[in-house]
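Undergrad: Going down the list, the sequences are from chains D and F.
Residues 1 to 327 in the numbering used here are what the first sequence spells out, letter by letter.
Residues 1001 to 1327 in the numbering used here are what the second sequence spells out, letter by letter.
Number of protein chains: 2
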Amino acid sequence: MTREDPDWHDFNSVRVLALAGGVGGAKLVSGLAELLGERLTVLVNTADDFIHLGFHISPDLDTVMYTLAGIANQQTGWGVADETWSFMTEVERLGGPTWFRLGDRDLATHALRTERLRRGDSLTAITDDLCCVLGVRPRVLPMSDDSVRTIVHSDAGTLSFQDYFVRLKCKPKVSAFSFNGAASARYNAKLGDLSRESHRLAIIICPSNPYVSIDPILALPGLREWIGRSGAPVVAVSPIVGGVAIKGPAAKMMQELGHASSALSVAQHYQRLAHGIVVDEADRGAAPRMMQLGLRVGITQSVMRTQADRVMLARECLALAKELRCK
Amino acid sequence: MTREDPDWHDFNSVRVLALAGGVGGAKLVSGLAELLGERLTVLVNTADDFIHLGFHISPDLDTVMYTLAGIANQQTGWGVADETWSFMTEVERLGGPTWFRLGDRDLATHALRTERLRRGDSLTAITDDLCCVLGVRPRVLPMSDDSVRTIVHSDAGTLSFQDYFVRLKCKPKVSAFSFNGAASARYNAKLGDLSRESHRLAIIICPSNPYVSIDPILALPGLREWIGRSGAPVVAVSPIVGGVAIKGPAAKMMQELGHASSALSVAQHYQRLAHGIVVDEADRGAAPRMMQLGLRVGITQSVMRTQADRVMLARECLALAKELRCK
Chain D
1 MTREDPDWHD FNSVRVLALA GGVGGAKLVS GLAELLGERL TVLVNTADDF IHLGFHISPD
61 LDTVMYTLAG IANQQTGWGV ADETWSFMTE VERLGGPTWF RLGDRDLATH ALRTERLRRG
121 DSLTAITDDL CCVLGVRPRV LPMSDDSVRT IVHSDAGTLS FQDYFVRLKC KPKVSAFSFN
181 GAASARYNAK LGDLSRESHR LAIIICPSNP YVSIDPILAL PGLREWIGRS GAPVVAVSPI
241 VGGVAIKGPA AKMMQELGHA SSALSVAQHY QRLAHGIVVD EADRGAAPRM MQLGLRVGIT
301 QSVMRTQADR VMLARECLAL AKELRCK
Chain F
1001 MTREDPDWHD FNSVRVLALA GGVGGAKLVS GLAELLGERL TVLVNTADDF IHLGFHISPD
1061 LDTVMYTLAG IANQQTGWGV ADETWSFMTE VERLGGPTWF RLGDRDLATH ALRTERLRRG
1121 DSLTAITDDL CCVLGVRPRV LPMSDDSVRT IVHSDAGTLS FQDYFVRLKC KPKVSAFSFN
1181 GAASARYNAK LGDLSRESHR LAIIICPSNP YVSIDPILAL PGLREWIGRS GAPVVAVSPI
1241 VGGVAIKGPA AKMMQELGHA SSALSVAQHY QRLAHGIVVD EADRGAAPRM MQLGLRVGIT
1301 QSVMRTQADR VMLARECLAL AKELRCK
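#1: Measure the Cβ-Cβ separation of MET1046 (chain F) and SER1058 (chain F) and say whether it is below 7 Å.
#2: Taking DSSP as the reference, what is the three-state secondary structure of ARG3 (chain D)?
#3: For a contact meaning CB atoms closer than 8 Å, what does VAL91 (chain D) contact in chain F?
#4: Leaving out five residues before and five after VAL1278 (chain F) in sequence, what residues of the same chain have Cβ atoms less than 8 Å from its Cβ?
#5: Could you spell out where the alpha helix (DSSP H) holding ILE1217 (chain F) opens and where it closes?
#6: Would a check of beta-carbon distances place SER1147 (chain F) closer than 7 Å to chain D?
#7: With 7 Å as the threshold, decide whether the Cβ of SER122 (chain D) is near any Cβ in chain F.
#8: SER238 (chain D) touches chain F at which residues, Cβ-Cβ below 7 Å?
#9: Would a C-beta distance cut-off of 7 Å place SER1262 (chain F) and GLN1255 (chain F) closer than the cut-off?
#10: Kindly give me the distance between the Cβ atoms of SER122 (chain D) and HIS153 (chain D), rounded to whole angstroms, as I take these residues to be in contact under 8 Å.
#11: Which word fits GLY1022 (chain F), buried or exposed, when buried means at least 16 other C-beta atoms lie within 10 angstroms of its C-beta?
#12: Can you check the stretch 1153-1205 of chain F for any alpha helix (DSSP H) of at least 4 residues that lies completely inside it and give the ranges in chain order?
#13: Is DSSP giving ARG305 (chain D) helix, strand or coil here?
#14: Using only alpha-carbon positions, find the residue among D:CYS326, D:ILE246, D:ALA111, D:SER198 that is nearest to TRP226 (chain D).
#15: Determine which residues of the stretch 132-162 of chain D have a Cβ less than 7 Å from any Cβ of chain F, and write them out in chain order.
#16: Quick check: what's the CA-CA separation for ASP128 (chain D) versus TYR1164 (chain F)?
#17: For chain D, find out if any of its Cβ atoms is closer than 7 Å to the Cβ of THR1002 (chain F); answer yes or no.
#18: Taking the alpha-carbon of MET290 (chain D) as reference, which of D:ARG310, D:VAL42, D:VAL266 has the nearest alpha-carbon?
#19: Skipping 5 residues on each side, what residues in its chain have a beta carbon closer than 8 Å to that of ARG1149 (chain F)?
#20: Strictly under 7 Å for the Cβ-Cβ distance: is TYR270 (chain D) near chain F by that measure?
#21: For the alpha helix (DSSP H) holding ASP1128 (chain F), just list the boundary residues, first then last.
#22: Please list, in chain order, the chain A residues whose beta carbon lies closer than 7 Å to that of LEU130 (chain D).
#23: Could you name the residues of chain D that GLU1256 (chain F) contacts, counting a contact when the two beta carbons are closer than 7 Å?
#24: Would you report the Cα separation of SER195 (chain D) and TYR187 (chain D), rounded to the nearest angstrom?
#25: In chain order, what residues of the same chain lie with their CB nearer than 7 Å to the CB of ARG3 (chain D), ignoring the 5 residues before and after it?
#26: Report the residue ranges of all beta strand (DSSP E) runs contained in full by the stretch 1042-1095 of chain F; include only those spanning at least 3 residues, in chain order.
#27: Could you work out which residue in D:LYS27, D:ASP280, D:GLU38 is closest to SER13 (chain D) when comparing CA atoms only?
#28: Any idea if GLU281 (chain D) is buried or exposed, counting beta-carbon neighbours within 10 angstroms, 16 or more meaning buried?
#29: Kindly list, in the order they appear in chain F, the residues whose Cβ is closer than 7 Å to that of THR84 (chain D).
#30: For the pair the stretch 1082-1095 of chain F and the stretch 101-111 of chain D, tell me if three or more CB-CB distances fall below 8 Å.
#31: At the level of alpha carbons, what is the spacing between GLY25 (chain D) and ALA1189 (chain F)?
#32: Below 9 Å on C-beta distance, what does ARG118 (chain D) contact in chain F?
#33: Let me confirm a value: ALA232 (chain D) is counted as buried when at least 16 other C-beta atoms fall within 10 Å, else exposed. Which label applies?
#34: Within the continuous beta strand (DSSP E) that includes GLY1276 (chain F), where are the two ends?
#35: Answer yes or no: the CB of ILE1214 (chain F) versus the heavy atoms of the ligand FAD, is any distance below 6 Å?
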């Protein structure tokens, strides 16, 4: 690979594989999609998936899909825009469970997905079709068609993820995570489509929760090896800015697991896998120590408030990947 | 039994078992409920039940339950009042099936019922709980906890009921009906609770479709015998008024099956089971021939436009039952 490689002169023929969880991941993915269109593949955490009221719910897949379709609910951070809540109102009246909120429109996704899973279709095929109907250009892949479930070990006992995350609002103090089913799950076979193009591939680890969004993906047997074998530059984006998480319990988890809640901890977490990390201006001071870990560091304004912010961060990630490719 | 039986002097301690299907049945049941409260038991057709989008849907049970709860949708004739349709709108956008309309509020019933059935609860227990939450005083019983499914034999082939009824809008010409599973299904065991009180029991066959609402109930092994053994007066109400059905395909079916579409045909249909029949003023002329069939005939204004109409018809049925009991 030389500086003259035409694929990397600009980003016009670069392919990206993005590893993503929910909200933060979906935002960066949305920026990447604007630059790359169908040259973007998103491998999405499905270890948060669960069955509720008989529906197979895939929170992270939906957040990524809805965000890319431009129909994500900006207020809630999950679900569909212009949502109505008649179903939940009636579930409450009938004495059903209300701790996990399901909007009327959102429910259509869950019902159609569940119905097709029951008929034997794969989550990959179903996601493809939903994305097609919703006009989503990037390829959105569930990390696996096999069942993997995050288990939270905490001072409140062993909890399923949604129990911890939604019902208990992340209040229990965590001590570890495990991923039930991961050892025998196969990573999405469609990743193979990218192997043929690894010379123009970059891999981006989105600013999602390292422990419960990205680690479940990386727990899939052979996936770390596939990433290594691809030779693609791997760029992680820190979800921690100035010591706090933009959204969600990542910082709290870090502390409970005995780490400093810092971008540096994120760098340490990914140091074996990533070649570069993008951090916020607020964390510029930690850059030398990240470089000591062997990481190339990109520094930018990484908090994504607008679509322009998302595209700018995406561009920064691609620029860092290009540097890594050409070094 | 003499005219002095105190239970029958007025209706204050009469118990009624009503056999009912959907809309017409629910209306009379609503009138009966106003007179009898918890002394009314409704045995509801479940042979229209089907699985759609993974939901177990019990159209007749829901119509009866919603009507008794005072939340039935008067406009559509099915589903819940003040309904919203976000789910269906989204199902349509996602390319899912839209021929069977499911309202957002209605969906809560289907989801909670389906979830409990999957956990192994009986339709009877689930219906009890839903009715309790909705403040329904009469006992609403599915005809059976076993699966019975109406099959429509027609010039368009052999059709499942909802296919015929909703998707094909009753257009195919019918030749016969069969009730899959009926031969091995058990009628609702809770009917046994009424056996102890058969001396003050009346049985009313609601003005529901004789072929697809009442016949499936009567097809349950032993049910006709149970009715006979009870010694209770059996009063049928004709769903045909002046040769036409108030709602639904009953008249069309009668013709296609080779009968005149008339109240007399209804009388003939029920003559072995019923002791009396209530018909509309419009069918007064057929009363002599009905009496020749051995039926006592009650004549009234039987079209139920208002709640007062429902109560009046209910009172007429009880009066005829009383006559039969005291004759």
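Ideal placement from N, C-alpha and C gives every residue a C-beta, glycine not left out.
TA: Result, derived from the coordinates:
#1: According to the sequence provided, residue 1046 (chain F) is Thr. The question's Met does not apply to it. The answer is yes: Cβ separation under 7 Å.
#2: Interpretation of ARG3 (chain D) is limited by its pLDDT of 46, a score under 50 that renders its predicted location unreliable; no figure is taken from the coordinates.
#3: Going along chain F in sequence order, the residues near VAL91 (chain D) (Cβ under 8 Å) are ALA1108, ALA1111, LEU1112.
#4: VAL1235, ALA1236, VAL1237, SER1238, VAL1297, GLY1298, ILE1299, THR1300, SER1302, LEU1313, GLU1316, CYS1317, LEU1320
#5: 1215-1218
#6: no
#7: no
#8: What SER238 (chain D) touches in chain F: nothing, since even the nearest Cβ is about 35 Å away.
#9: no
#10: Incorrect: roughly 30 Å between the Cβ atoms, too far for contact.
#11: buried
#12: 1192-1195
#13: coil
#14: D:SER198
#15: VAL133
#16: 33 Å
#17: Low confidence applies to THR1002 (chain F): its pLDDT is 44, below 50, so where it sits in the model is not reliable enough to give any reading.
#18: D:VAL266
#19: Taken in chain order, the residues that qualify are ALA1047, ASP1049, PHE1050, SER1160, PHE1161, PHE1179, ASN1180, GLY1181.
#20: no
#21: 1123-1133
#22: Here chain A cannot be found, since the structure's protein chains are D and F.
#23: Neighbours of GLU1256 (chain F) on chain D: none; closest Cβ ~34 Å, over 7 Å.
#24: 14 Å
#25: Since pLDDT at ARG3 (chain D) reaches only 46, below the 50 mark, its modelled position is unreliable, and no value is offered.
#26: Within the stretch 1042-1095 of chain F, the complete beta strand (DSSP E) runs of at least 3 residues are 1050-1052, 1055-1057.
#27: D:GLU38
#28: exposed
#29: Within 7 Å Cβ-Cβ: THR1084, SER1086, ASP1104.
#30: yes
#31: 55 Å
#32: Result: GLY1054.
#33: Classified as buried, ALA232 (chain D) has 16 or more neighbouring CB atoms from the shown chains inside 10 Å of its CB.
#34: 1276-1280
#35: Ligands are entirely absent from the displayed structure, and the ligand FAD is therefore not among its contents.
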